[in-house]
Amino acid sequence: MAVWDIVRKYRCNIALVMSCYLLQVVVSSINPLYMTRLIDELAKHESARPQVLAGAVAFLLAASVMRLALGVFLARYLGKIALTIAKEVRMHIASRYLSSPRTKVPDPGDFLTTSSRDVNRLVSFVTGDLNSISVSVTSFIGVSLVLAHMNMALYGLIIAFIPLYFIVYKRFSDVRYRLSLDVRNRHGSLADSMAAATMHQRTIYVHRAQRVIEAQLEHRLQDCNDAEYKSIINNAWSGLTLSGISFMMSATAFILGTVLVVQGRVTVGMLMAFTTHAGSLLSPVSNLTNLALSWHDTRVAATKIAYYSGLQETRVGSMAYSPNVCAVSFERAVFQQGGLNLTYRMGLAPITSIAGRTGAGKSTICECLAGYLSPTAGIVVYETETGSVAPSEIRRHVHLVDSHMVLFEELPILLNLTLGVEMPAASIEWVLDLTELKTLLVERDISLSTTAREANFSQGESQRLLIARALLTKPAILILDEALSGVDPAMAERIVRQASQHVSIVIIVSHRLSDHEQSQIVHYVDDGRLLEMAPIRGAE
Numbered sequence: 060m061a062v063w064d065i066v067r068k069y070r071c072n073i074a075l076v077m078s079c080y081l082l083q084v085v086v087s088s089i090n091p092l093y094m095t096r097l098i099d100e101l102a103k104h105e106s107a108r109p110q111v112l113a114g115a116v117a118f119l120l121a122a123s124v125m126r127l128a129l130g131v132f133l134a135r136y137l138g139k140i141a142l143t144i145a146k147e148v149r150m151h152i153a154s155r156y157l158s159s160p161r162t163k164v165p166d167p168g169d170f171l172t173t174s175s176r177d178v179n180r181l182v183s184f185v186t187g188d189l190n191s192i193s194v195s196v197t198s199f200i201g202v203s204l205v206l207a208h209m210n211m212a213l214y215g216l217i218i219a220f221i222p223l224y225f226i227v228y229k230r231f232s233d234v235r236y237r238l239s240l241d242v243r244n245r246h247g248s249l250a251d252s253m254a255a256a257t258m259h260q261r262t263i264y265v266h267r268a269q270r271v272i273e274a275q276l277e278h279r280l281q282d283c284n285d286a287e288y289k290s291i292i293n294n295a296w297s298g299l300t301l302s303g304i305s306f307m308m309s310a311t312a313f314i315l316g317t318v319l320v321v322q323g324r325v326t327v328g329m330l331m332a333f334t335t336h337a338g339s340l341l342s343p344v345s346n347l348t349n350l351a352l353s354w355h356d357t358r359v360a361a362t363k364i365a366y367y368s369g370l371q372e373t374r375v376g377s378m379a380y381s382p383n384v385c386a387v388s389f390e391r392a393v394f395q396q397g398g399l400n401l402t403y404r405m406g407l408a409p410i411t412s413i414a415g416r417t418g419a420g421k422s423t424i425c426e427c428l429a430g431y432l433s434p435t436a437g438i439v440v441y442e443t444e445t446g447s448v449a450p451s452e453i454r455r456h457v458h459l460v461d462s463h464m465v466l467f468e469e470l471p472i473l474l475n476l477t478l479g480v481e482m483p484a485a486s487i488e489w490v491l492d493l494t495e496l497k498t499l500l501v502e503r504d505i506s507l508s509t510t511a512r513e514a515n516f517s518q519g520e521s522q523r524l525l526i527a528r529a530l531l532t533k534p535a536i537l538i539l540d541e542a543l544s545g546v547d548p549a550m551a552e553r554i555v556r557q558a559s560q561h562v563s564i565v566i567i568v569s570h571r572l573s574d575h576e577q578s579q580i581v582h583y584v585d586d587g588r589l590l591e592m593a594p595i596r597g598a599e
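For the sequence shown, the working numbering gives the first residue as 60, with consecutive numbering after it.
Here's what the structure looks like:
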């Protein structure tokens with residue numbers, strides 16, 4: 060979702076905001092005329108006309124009230140628009156992140172930084188900076204018309220300082236972009252470290268590792284501070300330079316204006332108007348320069364957000380019927396994880412096992428079978444009675460439960476099971492009974508409305524609930540990748556046997572040999588290859 064996508068979608072809202080800003084500019088640009096009239100009339104002392112004074116004062120007061128009212132309206136309206144856009148962009152990023160395939164999932168810190176810092180920067184540019192650009196341009200035009208009509212010499216002197224602003228912009232813009240990118244990346248690293256700390260809080264507490272982790276976080280924070288400080292210094296120098304140019308302009312204009320008053324070429328009111336509103340003439344140019352510098356911050360944020368828009372969204376396959384799968388064919392399939400290079404026909408029985416040493420690539424194969432991971436080269440297809448089909452096409456019929464999956468602790472048990480999908484009560488009771496959780500819930504007096512955290516499940520109990528969730532989707536293929544490690548061996552055997560009566564194929568990956576005893580086919584992963592081995596019987 061790019062900047063211009065947001066602008067197009069919210070063009071009516073942005074147009075209304077710009078109209079309000081333009082109205083403010085029109086009122087403000089006419090102010091010099093009435094201020095000049097008021098001062099020149101006051102300079103007449105006894106000859107001053109009350110009706111002229113009253114008219115000028117009334118207009119200036121009315122203009123101030125109008126600007127105040129518009130300011131209040133814009134603050135509320137822009138705030139609402141900003142929140143709406145921020146929510147939409149964050150949901151867009153979250154949707155792409157949650158549906159990213161295995162090889163494209165960004166780091167947690169990058170996701171968190173993009174969702175917060177980068178979105179805020181982008182929304183600020185759309186709802187604030189773009190309007191400021193419009194205001195700056197129109198303000199420059201409006202004030203120029205008034206002051207140029209008063210005295211071209213003074214106006215020309217002020218305009219002569221404008222090129223200096225562009226020189227300042229050129230000097231600081233490249234530095235601003237590099238510093239913005241550095242600051243953003245360091246914040247991403249900090250978010251990564253903080254996300255890791257929250258994930259491993261239990262380990263940190265139990266092993267008294269606070270000092271090590273705190274030192275790491277302090278180092279990351281110092282890196283962020285150092286980068287932010289460089290950016291602050293750069294911004295300070297650019298602001299100081301712009302202020303210096305404005306001071307030079309004001310001083311020069313005041314000296315020239317004084318000379319022109321002495322010569323009788325301008326009135327005191329005109330000089331006051333120039334002195335008061337010359338800043339309004341240069342301010343738009345200064346604002347545009349600052350906005351151009353600010354754009355480099357936005358460009359960094361927009362690039363990061365655009366990266367999420369470019370993530371290939373993994374979609375559930377379109378195959379509506381449950382395919383009768385008999386094997387998986389690997390043809391020169393290369394996977395970086397596990398160093399696999401497979402040319403192999405993996406036969407599938409009602410209960411099939413994948414065995415191998417730790418790190419051999421078993422989980423990589425499971426992720427591929429579930430359609431979550433694709434090979435970097437080669438082909439992987441399921442063989443069916445009617446032909447072959449890619450794993451991505453039958454994703455809805457394949458369910459993977461692995462050791463990395465955990466319950467949503469803040470959600471009720473029922474929602475952990477259904478994940479928001481309407482399910483018949485009989486189906487829920489069936490999966491709880493199959494995984495032997497029904498009796499456990501009754502014995503502990505735990506209802507389905509109890510949160511997972513309140514239920515305080517053990518590892519094995521949580522794994523059984525995850526398997527129950529998978530069975531609730533009625534998959535054709537159920538892959539259990541170390542999903543029984545915390546379950547008693549005898550109970551694990553019963554669950555697998557019961558599940559195989561309702562699921563066409565159950566694939567088991569486990570370090571525990573007894574979990575493979577029921578398997579009719581066992582595939583062994585070794586040295587980047589797949590081999591078929593004899594079924595395991597009578598394992599201790």
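Glycine included, C-beta positions come from ideal geometry on N, C-alpha and C.
(request) Label Asp612 either buried or exposed according to how many other C-beta atoms from any shown protein chain fall within 10 Å of its C-beta, with 16 as the threshold for buried. (result) This structure leaves residue 612 out entirely; the chain is present only between 60 and 599.
(request) Quick one: using the 10 Å Cβ neighbour count with 16 as the cut-off for buried, is Tyr288 buried or exposed? (result) By one-based count along the sequence shown, residue 288 stands at place 229. So Tyr288 ends up on the exposed side.
(message) Whole angstroms are fine: how far does the CA of Leu129 sit from the CA of Ala254?
(response) Stepping through the sequence shown from its first residue, residue 254 is reached at position 195. Stepping through the sequence shown from its first residue, residue 129 is reached at position 70. Distance between the alpha carbons of Ala254 and Leu129 is about 42 Å.
(message) For Lys146 and Val320, what's the separation of their Cα atoms in angstroms?
(response) Walking along the sequence shown from the start, residue 146 turns up at place 87. Walking along the sequence shown from the start, residue 320 turns up at place 261. Rounded to the nearest angstrom, the two C-alpha atoms are 57 Å apart.
(request) Quick one: measure Cβ to Cβ for Ile144 and Val182, integer angstroms, because I've assumed they're closer than 8 Å. (result) As a working note, residue 144 is residue 85 in the sequence shown. As a working note, residue 182 is residue 123 in the sequence shown. Indeed they touch by this definition, with Cβ atoms about 5 Å apart.
(message) Nearest by alpha-carbon distance to Met211: which of Val227, Glu481, Leu189, Ala312 is it?
(response) Taking the first residue of the sequence shown as 1, we reach residue 211 at position 152. Minimum Cα distance to Met211 is reached at Ala312.
(message) Quick check: the Cα distance between Leu157 and Ser433, rounded to an integer number of angstroms?
(response) Taking the sequence shown and counting its residues from 1, one reaches residue 157 at position 98. Taking the sequence shown and counting its residues from 1, one reaches residue 433 at position 374. Approximately 17 Å, taken between the alpha carbons.
(request) Look up Ile410 in the DSSP assignment and give the residues it is bridged to. (result) Position 351 of the sequence shown, counted from the first residue, corresponds to residue 410. Its beta-bridge partners are Val565.
(message) Am I right that Ala332 and Thr95 are in contact with their C-beta atoms under 8 Å? What's the rounded C-beta distance?
(response) Taking the first residue of the sequence shown as 1, we reach residue 332 at position 273. Taking the first residue of the sequence shown as 1, we reach residue 95 at position 36. Rounded, the Cβ-Cβ distance is 5 Å, consistent with contact.
(request) Please classify Cys427: is it buried, with 16 or more other beta-carbons within 10 angstroms of its beta-carbon, or exposed? (result) One-based indexing of the sequence shown puts residue 427 at position 368. The residue is buried, with at least 16 neighbouring Cβ atoms inside 10 Å.
(request) Have a look at Lys533, Leu537, Thr494, Ala529 and flag the residue whose alpha-carbon is nearest the alpha-carbon of Glu520. (result) Locating residue 520 in the sequence shown gives position 461, counting from the first residue. Of the listed residues, the one whose Cα sits closest to Glu520 is Thr494.
(message) Per the DSSP calculation, Ala386 is bridged to which residue(s)?
(response) Translated into positions along the sequence shown, residue 386 becomes position 327. Gly406, Glu442.
(message) My output table needs one value for Leu482: the three-state DSSP class, helix, strand or coil.
(response) Your numbering for residue 482 matches position 423 in the sequence shown. In the sequence under discussion, the amino acid at residue 482 is Met, which differs from the Leu named in the question. Coil at Met482, not helix or strand.
(message) Cutting at 6 Å between CB atoms, please list the residues of its own chain near Ser462, excluding the five before and the five after it.
(response) In the sequence shown, residue 462 corresponds to position 403, counting from 1. Closer than 6 Å at Cβ, skipping near neighbours: Glu541.
(request) Take Phe170 and list the residues in its own chain whose beta-carbon comes closer than 6 Å to its own, dropping the five residues that flank it on each side. (result) Mapped onto the sequence shown, residue 170 falls at position 111. Excluding positions up to five away in sequence, the list reads Tyr156.
(message) Starting from Tyr431, trace the alpha helix (DSSP H) in both directions and tell me its first and last residue.
(response) Counting from 1 along the sequence shown, the entry for residue 431 is found at position 372. Neither: Tyr431 is in no alpha helix (DSSP H) and is coded neither H nor E.
(request) Could you check which residue in Leu137, Arg176, Met150 has the C-alpha nearest to that of Ser191? (result) On the sequence shown, position 132 is the one that residue 191 refers to. Cα-wise, what sits closest to Ser191 is Leu137.
(message) Give me, in chain order, the residues of the same chain whose beta-carbon lies closer than 6 Å to that of Gly406; leave out the 5 immediate sequence neighbours on both sides.
(response) For the purposes of this step, residue 406 is taken as the residue at position 347 of the sequence shown. So the qualifying residues of the chain are Ala386, Ile580.
(message) Could you check whether Leu531 and Val460 sit closer than 8 Å to each other, using their CB atoms as the reference points?
(response) Taking the sequence shown and counting its residues from 1, the one referred to as residue 460 is at position 401. Taking the sequence shown and counting its residues from 1, the one referred to as residue 531 is at position 472. Contact: no.
(request) List the endpoints of the continuous alpha helix (DSSP H) containing Met464. (result) In the sequence shown, counting from the first residue as 1, residue 464 sits at position 405. Element bounds for Met464: n/a, residue is neither H nor E.
(request) Check the DSSP bridge columns for Phe199 and list the partner residues they point to. (result) Counting from one through the sequence shown, the residue named residue 199 turns up at place 140. None, per the DSSP bridge assignment.
(message) Is the separation between the beta-carbon of Ile522 and that of Val546 shorter than 8 Å?
(response) Position 463 of the sequence shown, counting from 1, holds the residue named residue 522. Position 487 of the sequence shown, counting from 1, holds the residue named residue 546. Position check: residue 522 holds Gln in this sequence, whereas Ile was assumed. Yes; because the gap between Cβ atoms is below 8 Å, this pair is in contact.
(request) Could you name the residues of the same chain whose beta carbon sits closer than 8 Å to that of Asp282, not counting the 5 residues immediately before and after it, in chain order? (result) By one-based count along the sequence shown, residue 282 stands at place 223. Closer than 8 Å at Cβ, skipping near neighbours: Arg245, Ser248, Leu249.
(message) Using 8 Å as the threshold, is the C-beta distance between Gly420 and Gly446 below it?
(response) Taking the sequence shown and counting its residues from 1, one reaches residue 420 at position 361. Taking the sequence shown and counting its residues from 1, one reaches residue 446 at position 387. Going by C-beta atoms, Gly420 is not nearer than 8 Å to Gly446.
(message) Just to confirm my understanding: we take Val124, look at its own chain, exclude 5 residues before and 5 after, and list those with CB closer than 8 Å. What are they?
(response) Looking up residue 124 in the sequence shown gives position 65. Around Val124: no qualifying Cβ.
(message) Checking the sheet assignment: what are the DSSP bridge partners for Ala128?
(response) Residue numbering aside, residue 128 sits at position 69 when the sequence shown is read from its first letter. DSSP, once it has assigned bridges, lists no residue as partnering Ala128.
(request) My understanding is that Val205 touches Leu92, with C-beta atoms under 8 Å, so please give their C-beta distance in whole angstroms. (result) Along the sequence shown, read from residue 1 onward, the residue named residue 205 stands at position 146. Along the sequence shown, read from residue 1 onward, the residue named residue 92 stands at position 33. That belief holds up - the Cβ atoms of Val205 and Leu92 are roughly 6 Å apart, short of 8 Å.
(request) Within its chain, find whatever has a CB closer than 7 Å to the CB of Ala514; leave out the 5 residues flanking it on each side and keep chain order. (result) Position 455 of the sequence shown holds residue 514. Excluding sequence neighbours, Ala514 sits near Ile472, Ile505.
(message) Could you pull the DSSP bridge partners for Phe220 from this structure?
(response) Indexing the sequence shown from 1 puts residue 220 at position 161. Partner(s): none; Phe220 has no beta bridge.
(message) Considering just the uninterrupted stretch of the beta strand (DSSP E) at Arg588, what are its terminal residues?
(response) For this step, residue 588 is matched to residue 529 along the sequence shown. Per DSSP, Arg588 belongs to the beta strand (DSSP E) from 588-592.
(message) Suppose contacts are defined by Cβ-Cβ distances below 8 Å. Is Ser563 in contact with Ile536 by that definition?
(response) Taking the first residue of the sequence shown as 1, we reach residue 563 at position 504. Taking the first residue of the sequence shown as 1, we reach residue 536 at position 477. Closer than 8 Å, so yes.
(request) Below 6 Å CB to CB, which residues in the same chain sit around Leu401 once its five sequence neighbours on both sides are set aside? (result) Stepping through the sequence shown from its first residue, residue 401 is reached at position 342. Once the five neighbours on either side are set aside, the close Cβ partners of Leu401 are Phe389, Ala392, Leu589.
(request) Can you grab the Cα-Cα spacing for the pair Met308 / Ala295, in whole Å? (result) The residue you call residue 308 lines up with position 249 of the sequence shown. The residue you call residue 295 lines up with position 236 of the sequence shown. So the two alpha carbons sit approximately 20 Å from each other.
(message) Let me check understanding here. Comparing Cα to Cα, which of Asp233, Ile304, His278, Ala449 lies closest to Leu222?
(response) On the sequence shown, position 163 is the one that residue 222 refers to. Sequence check: residue 222 is Pro here, not Leu. Answer by Cα proximity: Ile304.
(request) Going by DSSP, name the residue or residues bridged to His582. (result) The count along the sequence shown starts at 1 and reaches residue 582 at position 523. In DSSP, His582 forms a bridge with Ile413, Glu591.
(request) Determine the direct distance from the alpha carbon of Asn179 to that of Ala351, and round the result to whole angstroms. (result) Counting from one through the sequence shown, the residue named residue 351 turns up at place 292. Counting from one through the sequence shown, the residue named residue 179 turns up at place 120. Distance between the alpha carbons of Ala351 and Asn179 is about 18 Å.
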